[in-house]
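Residue numbers (the numbering used here): -18 to 96. Just so it is clear, CB atoms sit at the ideal spot from N, CA and C, and this is done for glycine as well. This structure is a prediction, so every number in the text was calculated from the model and none was measured.
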Amino acid sequence: MRELTCIVCPMGCRIKVYEDNGQIRVEDQGCRRGELYARDEMTAPKRVVTSVVAVQGCSELLPVKTAAPVPKEAIFRVMEEIRQVTVEKPVRIGDVIRENLAGTGIALIATKHIQ
Ligand code: SF4
-18 MRELTCIVCP MGCRIKVYED NGQIRVEDQG CRRGELYARD EMTAPKRVVT
32 SVVAVQGCSE LLPVKTAAPV PKEAIFRVME EIRQVTVEKP VRIGDVIREN
82 LAGTGIALIA TKHIQ
């Protein structure tokens, strides 16, 4: 049995996951989203990546996040690519800063306005 803390919502349910002959059984999840999270975590774990990027001509950094969860094995490559990104002002929340980060098909988006 493996115990996971669900990170889908602030409730943070402690979910028990049992794996037997490739079959996954989930207990103590507060809702269906928690069950999906636990199953994904056991088979193909992913995380939304958050970071900041430089803004040309400005000391302020732009907060960014991936538009979707990134497979855990790609996170290092995604972070390496994000580290090289610089944007020009103005930037609006939701602007796509970079498409197809590290070949994942996932975009990097701004999470703050910078005028
Ligand atoms: S199982 Fe459902 S209620 Fe519990 S933390 Fe996850 S999303 Fe929230």
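Taking 8 Å as the cut-off, is the C-beta of residue i nearer than that to any heavy atom in ligand 1?
i, result
"Leu96", "Correcting the residue identity first, residue 96 is Gln in this sequence and not Leu. No, the beta carbon of Gln96 sits no closer than 8 Å to any heavy atom of ligand 1."
"Tyr(-1)", "no"
"Arg14", "yes"
"Ile74", "no"
"Met23", "no"
"Val29", "no"
"Cys(-13)", "yes"
"Ile(-4)", "yes"
"Ala50", "Correcting the residue identity first, residue 50 is Pro in this sequence and not Ala. Checking the Cβ of Pro50 against ligand 1 gives no."
List the endpoints of the continuous alpha helix (DSSP H) containing residue i.
i, result
"Asp22", "First, the residue type needs correcting, since residue 22 is Glu and not Asp in the sequence shown. It spans 13 to 24 - the alpha helix (DSSP H) in which Glu22 sits, taken as one unbroken run."
"Val59", "56 to 64"
If you follow the beta strand (DSSP E) that residue i is in, where does it begin and where does it stop?
i, result
"Ile(-4)", "-5 to 1"
"Ile90", "89 to 91"
"Val72", "Unbroken run through Val72: none, as it is neither H nor E."
"Val45", "39 to 47"
"Val33", "31 to 36"
"Val7", "4 to 8"
"Cys(-16)", "This sequence places Glu at residue -16; Cys is not what is there. Where Glu(-16) is concerned, the enclosing beta strand (DSSP E) stretches over -17 to -14."
Assuming residue i and residue j make a contact with CB atoms under 8 Å, what is their CB distance in whole Å?
i, j, result
"Val34", "Ile78", "7 Å"
"Arg14", "Val(-11)", "5 Å"
What does the alpha-carbon distance come out to for the pair residue i and residue j?
i, j, result
"Met(-8)", "Ala49", "21 Å"
"Gly(-18)", "Pro52", "Before going on, a small fix: residue -18 reads as Met here, not Gly. Cα-Cα distance, rounded: 23 Å."
"Arg20", "Gln65", "34 Å"
"Met60", "Tyr18", "23 Å"
"Gln96", "Val72", "6 Å"
"Pro26", "Cys12", "19 Å"
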